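Each remark here refers to the structure printed beneath this line.
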Amino acid sequence: MLAIYKVNLLNSMADCRETLTFYTKDLDISEVASRFYNTPNVSFISKDQSTRFTDYTTAYACNCCQTYYKELNNLSNHMIQQHVPREHPANAASFKSLNDEEKWKLSTGTVVEDVLYEFSKRCIVDHSACSMILDLEDITYVNEKLFTTEEIGEIKKEAPMNITSRIPQDLCGYIEHFNCDNLKDLRMRLANTQDWEKEEYDVNNHHDLDWIKHTIHSYIRLYESGELNTVQKEQWYNKHVWLPIDTVFNDISSIQIVAGESVSLASSLRKNKSRTIGSTSAIKRVKSGYKCDMIVRERKVDYEGANEFGCW
């Protein structure tokens, strides 16, 4: 499992073995001795070569993460903290308090709570399983063979999410009202006062209707200006063509349009879909998402992990 390379005289190898036996029985300590130069870029040399050089340092190495320590105690502490599964007393107490009859038992006979608890005892860092949280988007469950793909499919079917929404009939009718093939008719219909315009404006009831009318009017003026016939820079299109998208969610305080080469969180999640959180091994470095011109995002501070609903 782990290999400790003694980078020193071999007469203290027995001490190294004795020091590390208190927390694991699966260590494989190599009898290979190595040296490295005292330079910014560590360069390893053999034991035979070390007799011909004086500018080198001896140390104890962790073969899991290639870090080096001059003292065995420091190496032992490092391995305990970074490479040995952690105990979770609170999780153990919570698990023991569960009633077996109330646990989630799949058709295959697998008990979800039992699987999560046994896996939590193998984690070297805090994983969601340590808190009895089941994240089905985390491929750790498949990689570690905790659940089969069929079992994960069964879990997903237990509480499916069905989100459907249709455009309100009054909006459909108002959009259809502007189904014209020439600017003259469009302007005439824009000039007609609608019933909702005779009422006192209420952002909760009239925002979408008002946005439709304002957007059509803006595009008519843009078309008549002739600016669409000339080559424009990207920022021009963002300010003139895509501008109505900036305001379409003005009545929803929790939604914002983020413009100007912002990093997409959804893109980052997709690129890191195969990246698992730390469990029996340390977590890998996160990949950055794509930079987009516009992102429809939930209004939250960055560190809270806002949801995204679309980007381009």
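Counting from 1, one number per residue, gives the positions in the sequence shown under full-length UniProt numbering.
We treat Cβ as the ideally placed atom computed from N, Cα and C, and that holds for glycine.
Everything numeric in this text was worked out from a predicted model, so none of it was measured.
DSSP three-state assignment for residue i, whether helix, strand or coil
i, result
"Ala-282", "coil"
"Tyr-174", "helix"
"Glu-153", "The sequence shown places Gly at residue 153, rather than the Glu named in the question. If DSSP states are grouped into helix, strand and coil, Gly-153 belongs with the helices."
"Gln-232", "coil"
"Gln-194", "coil"
"Ser-253", "coil"
"Val-258", "strand"
"Arg-299", "coil"
"Cys-292", "strand"
"Ser-12", "Unreliable positioning characterises Ser-12 in this predicted model, as indicated by a pLDDT of 35, which lies under 50. A coordinate reading is not provided."
"Cys-180", "coil"
"Lys-287", "coil"
"Thr-67", "strand"
"Val-115", "helix"
"Val-203", "helix"
"Cys-123", "coil"
"Ser-145", "The displayed chain sequence assigns Lys, not Ser, to residue 145. DSSP places Lys-145 in coil when its eight states are reduced to three."
"Lys-103", "coil"
Contact check, residue i vs residue j, beta carbons under 8 Å
i, j, result
"Leu-186", "Phe-178", "yes"
"Val-248", "Arg-297", "no"
"Leu-183", "Ile-139", "no"
"Leu-134", "Leu-116", "yes"
"Ile-155", "Leu-136", "yes"
"Val-142", "Ala-282", "no"
"Gln-256", "Arg-299", "yes"
Distance between residue j and residue i (C-alpha atoms, nearest Å)
i, j, result
"Phe-147", "Ser-253", "40 Å"
"Lys-284", "Glu-158", "31 Å"
"Tyr-23", "Ile-80", "Unreliable placement is indicated for Tyr-23, whose pLDDT of 32 sits below 50; the coordinate value is still reported in the next sentence. Their backbone Cα atoms lie some 7 Å apart in a straight line."
"His-217", "Leu-106", "58 Å"
"Glu-197", "Arg-189", "13 Å"
"Tyr-174", "Cys-292", "32 Å"
"Phe-119", "Lys-96", "15 Å"
"Ser-264", "Met-294", "9 Å"
"Thr-230", "Asp-210", "30 Å"
"Lys-25", "Gly-260", "Residue placement at Lys-25 cannot be trusted, given a pLDDT of 37 that sits under 50; what the coordinates show is reported in the next sentence. Their Cα atoms are separated by approximately 55 Å."
"Tyr-201", "Lys-287", "46 Å"
"Lys-121", "Glu-150", "24 Å"
"Lys-233", "Gly-226", "15 Å"
"Gln-169", "Asp-181", "23 Å"
"Asp-100", "Ala-92", "15 Å"
"Leu-228", "Tyr-237", "9 Å"
"Ser-165", "Thr-67", "55 Å"
"Glu-199", "Lys-103", "57 Å"
"Glu-224", "Asn-192", "20 Å"
"Asp-208", "Thr-108", "50 Å"
"Tyr-60", "Ser-262", "45 Å"
Which listed residue (the options) has its alpha carbon closest to that of residue i
i, options, result
"Val-111", "Ile-152, Ala-93 and Asn-192", "Ile-152"
"Ser-94", "Asp-114, Glu-224 and Val-125", "Asp-114"
"Leu-243", "Glu-224, His-214, Gly-226 and Ser-225", "His-214"
"His-88", "Tyr-60, Ser-128, Asp-100 and Glu-102", "Ser-128"
"Met-132", "Ala-90, Leu-228, Glu-224 and Glu-176", "Ala-90"
"Glu-176", "Ile-212, Tyr-60, Lys-103 and Trp-104", "Ile-212"
Supposed close pair residue i, residue j - CB separation, criterion 8 Å
i, j, result
"Leu-222", "His-240", "6 Å"
"His-78", "Tyr-69", "6 Å"
"Asp-246", "Val-203", "With 8 Å as the limit, Asp-246 and Val-203 do not qualify as a contact, their Cβ atoms being about 16 Å apart."
"Cys-123", "Pro-85", "6 Å"
"Cys-62", "Leu-75", "6 Å"
Residue i: CB within 7 Å of a non-hydrogen atom of the ligand NAD
i, result
"Asn-73", "This structure lacks the ligand NAD; in fact it carries no ligand of any kind."
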